[in-house]
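Under full-length UniProt numbering, the first residue of the sequence shown carries the number 1, and numbering increases by one thereafter.
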Amino acid sequence: MSEIHPVTKDWAERAWVDDAEYKALYARSVSDPDGFWGETGKRLDWIKPFTKVKNTSFAPGNVSIKWYEDGTLNVAANCVDRHLAKRGDQTAIIFEADDPNEPSRHITYRELHTEVCRFANVLKAQGVKRGDRVTIYMPMIPEAGYAMLACARIGAVHSVVFGGFSPDSIAGRITDCTSEYVITADEGVRGGRKIPLKANIDAALEKCSGVKSVVVVKRTGADVPMKPGRDVWFDETAKGVSTDCPVEEMGAEDPLFILYTSGSTGKPKGVLHTTGGYLVYASYTHQMSFDYHDGDIYWCTADVGWVTGHSYVLYGPLANGATTLMFEGVPNWPSVSRCWEVVDKHKVNIFYTAPTAIRALMGAGDEPVKKTSRASLKLLATVGEPINPEAWEWYYRVVGDSRCPVIDTWWQTETGGHMITPLPGATPLKPGSATQPFFGVKPELVDSDGKVLEGAASGNLVITDSWPGQMRTVYGDHKRFEETYFSTYKGKYFTGDGCRRDEDGYYWITGRVDDVLNVSGHRLGTAEVESALVAHPKVSESAVVGYPHAMKGQGIYAYVTLMSGEVASEELRKELILWVRKEIGPIASPDVIQFAPGLPKTRSGKIMRRILRKIAEDDFTNLGDTSTLADPAVVTDLVDNRQNKK
Ligand code: WT7
1 MSEIHPVTKD WAERAWVDDA EYKALYARSV SDPDGFWGET GKRLDWIKPF
51 TKVKNTSFAP GNVSIKWYED GTLNVAANCV DRHLAKRGDQ TAIIFEADDP
101 NEPSRHITYR ELHTEVCRFA NVLKAQGVKR GDRVTIYMPM IPEAGYAMLA
151 CARIGAVHSV VFGGFSPDSI AGRITDCTSE YVITADEGVR GGRKIPLKAN
201 IDAALEKCSG VKSVVVVKRT GADVPMKPGR DVWFDETAKG VSTDCPVEEM
251 GAEDPLFILY TSGSTGKPKG VLHTTGGYLV YASYTHQMSF DYHDGDIYWC
301 TADVGWVTGH SYVLYGPLAN GATTLMFEGV PNWPSVSRCW EVVDKHKVNI
351 FYTAPTAIRA LMGAGDEPVK KTSRASLKLL ATVGEPINPE AWEWYYRVVG
401 DSRCPVIDTW WQTETGGHMI TPLPGATPLK PGSATQPFFG VKPELVDSDG
451 KVLEGAASGN LVITDSWPGQ MRTVYGDHKR FEETYFSTYK GKYFTGDGCR
501 RDEDGYYWIT GRVDDVLNVS GHRLGTAEVE SALVAHPKVS ESAVVGYPHA
551 MKGQGIYAYV TLMSGEVASE ELRKELILWV RKEIGPIASP DVIQFAPGLP
601 KTRSGKIMRR ILRKIAEDDF TNLGDTSTLA DPAVVTDLVD NRQNKK
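What follows is the structure, given as structure tokens:
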């Protein structure tokens, strides 16, 4: 076990809160949420100030979450316009391109204002109105941020789809929220490779109807087909519009965005976030967890296609008037020093990334890090999956030269912002632990019967009361929202995560306890991968489980039963992997496919995943009770095949 890293005197003094202040403020935040969040809500500029703060219920059959409900505001006004007077000439966004030789761009708040207004008017010219859903499928370029803020400015609801998702996945997301507008780019660039974004949109639109307009931003200048009457170049349309665009006055509970995320069953859910509470929470957590101060250069490596990109590349930092760095590339191209070169080039103070990236870079040794300065860094942070203590220590010692606290932030697409996280001036750090709840967050551990566990214990992590950044519903399916999150443990929000609380009250997330995979910090449902596999004409049945993977955290292990008469082969294995890539996207590529003559099932036909997980982990000694299986011989077969393969 690695040691505790105490808060240094220096940090306790300069941070927004020290330990005593954290404890006092936390106690107040949970005993008087109206008072606490009422004051915190004032950090935003409201058009009409709120008079009500919290109005929430987790009651079965009646889940309803409202914050600041009678206030009105605009997110773009808060992220852009309100900074013009004081920091119009300050850089809002630094853009660092994939190719290190391409000049970086510095966009000031004044320029950001012009660009967002221009983009908003382009959208209006396409017919986008308040409340309309706009699908954004973009590379990590400033225009992605302009597009999101432009939607927010005119009251449209964006649904950003990660550029790694396939045409099928895009089509599903467009259909689910009946989006009539798409914003994309000709191509994206990542790690020196081109990504055919517009071509993927074209293929997606073959599979769904209703899209009236596709706005295409130029990134590479590739010659892409444009469908007359549907597709327009952003550049050309932008020439004809004004750079003045009034903001739409939105209610605090009006939708801001939808973001699709995987669950344990069915197709991805549209997580809906609204305007007021979300922005209060994203901006406040950004300030406190990272101890953000004016003038800090801040870099979060997440793609805007994920919630981390929404809350901590764009909305949180910009609401705080920060300088946020957008990086188009990947950590290991053109070399594994890239991140630290970018840190030095732009004098980055706060760096936020995923454990999977840290593990990959750690694998390349210390030298590529040590040859850079990194003197500007003052705080390091992680998100997305549990960080193993070895990677934590490496990040702390080698990247941070043992000067920078490592802030391990646990949260979810559903939570909008950080939920369990150290605060750098307050919380002694334990490598591998997300440590303590953020203000207003009431975590609890329960056993599988819902019995509340006290003190040091391991169980399922639930949150017993609402916080402003919480998702409000599953888009178009409030019943699914209630069933997914509030029915397992009635009256409590169930996170889907397992967790241990130690004798100091520190929380250690142990990973998902449902059928959700976390592959390199990306979330995937086993059911999604299974349905992609069975869509292949030669596959009759499939069961997918996660298994420990040194780099990715979890790898994807697929058991596949073929149609009778089909023969397993190396070729078919490769074909199936490509098939899943095409159906969902590269992040869903199975790492292992085991052809299985049969799957272990109970007599009622339920697949026993517990056994499949054990076999995938190479743990054959402890398969548990197999007596309830319809055909116990199936297990022997699977184990033999697995062992023979080695
Ligand atoms: C799941 C949520 C929230 C942004 C990125 C992922 C896992 C997230 C941590 C962490 C341990 C973590 C959980 C969670 N997770 N952060 N610091 N330590 N696990 O968002 O795709 O909604 O996934 O990621 O399992 O439930 P997401």
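For every residue, glycine included, the Cβ atom is placed at its ideal position computed from N, Cα and C.
- Every beta strand (DSSP E) stretch that sits fully inside the region 285-325 and reaches 3 residues is listed by chain position as 297-300.
- In the three-state scheme derived from DSSP, where H, G and I count as helix and E and B as strand, ARG603 is classed as coil.
- In this structure, the ligand WT7 has no non-hydrogen atom nearer than 8 Å to the beta-carbon of VAL336.
- The beta carbons of LEU445 and LEU453 sit about 4 Å from each other, so the pair counts as a contact at 8 Å.
- Residue state for MET250 is assigned as strand, using DSSP reduced to three classes.
- Scanning its chain for C-beta atoms nearer than 6 Å, with the 5 sequence neighbours on each side dropped, one finds around ARG359 the residues ALA391 and MET551, in chain order.
- Judged by beta-carbon spacing, TYR312 lies beyond the 9 Å limit of HIS346, meaning their Cβ atoms are not closer than that value.
- Relative to the Cα of THR243, the nearest Cα in the group ALA120, THR308 and CYS177 belongs to ALA120.
- Judged by DSSP in its simplified three-state form, GLU571 adopts helix.
- In this structure, the alpha-carbon of HIS106 lies about 9 Å from that of LEU325.
- CA-to-CA, the gap between ASP223 and TRP233 works out to about 12 Å.
- VAL189 is positioned such that its CB atom lies no closer than 9 Å to that of ASP296.
- Within 10 angstroms of the beta-carbon of GLN436 lie 16 or more other beta-carbons, which makes it buried.
- Under DSSP, no beta-bridge partner is assigned to HIS113.
- For ALA596, the secondary structure class from DSSP, reduced to helix, strand or coil, is coil.
- According to the DSSP assignment, ALA27 belongs to the alpha helix (DSSP H) that extends over 19-31.
- One Cα belongs to GLU385, the other to ILE509, and the distance between them is close to 8 Å.
- Here DSSP, grouped into helix, strand and coil, assigns HIS5 to strand.
- In terms of Cα proximity to ASN74, the closest of LYS23, THR275, ALA20 and GLU102 is THR275.
- Straight across, the Cα-Cα distance linking PRO443 with GLN126 is about 45 Å.
- ALA558 and ALA434 have their C-alpha atoms some 31 Å from each other.
- Checking the 8 Å criterion, the Cβ of THR51 is out of range of every heavy atom belonging to the ligand WT7.
- For THR175, the enclosing alpha helix (DSSP H) begins and ends at 167-176.
- In this structure, GLY624 lies near ARG610, with their beta-carbon atoms less than 9 Å apart.
- Within the chosen limit of 8 Å, the ligand WT7 reaches the beta carbon of HIS522 through at least one heavy atom.
- Bridge pairing for ALA360: absent [DSSP].
- The beta carbon of GLU482 sits closer than 8 Å to the beta carbons of PRO60, GLY61 and VAL63 from its chain, once the five residues preceding and following it are set aside; these are given in chain order.
- Inter-residue distance for CYS339 and ALA144 is about 21 Å (C-alpha atoms, whole angstroms).
- Annotation: the continuous alpha helix (DSSP H) that includes THR636 extends over 633-644.
- Under the three-state reduction of DSSP output, ARG82 falls in the helix class.
- With contacts defined by Cβ atoms closer than 9 Å, TRP16 and GLY425 form a contacting pair.
- Around the beta carbon of ASP45, a 10 Å sphere encloses fewer than 16 other beta carbons of the protein chains shown; the residue is thus reported as exposed.
- Ranked by Cα distance from THR178, the first of PRO632, LYS538 and THR135 is THR135.
- The continuous beta strand (DSSP E) containing ALA558 extends over residues 553-562.
- Remark: the C-beta of ARG512 is in contact range of the ligand WT7, defined as less than 8 Å to any heavy atom.
- Residue pairing by DSSP places GLY525 opposite VAL516 in a beta bridge.
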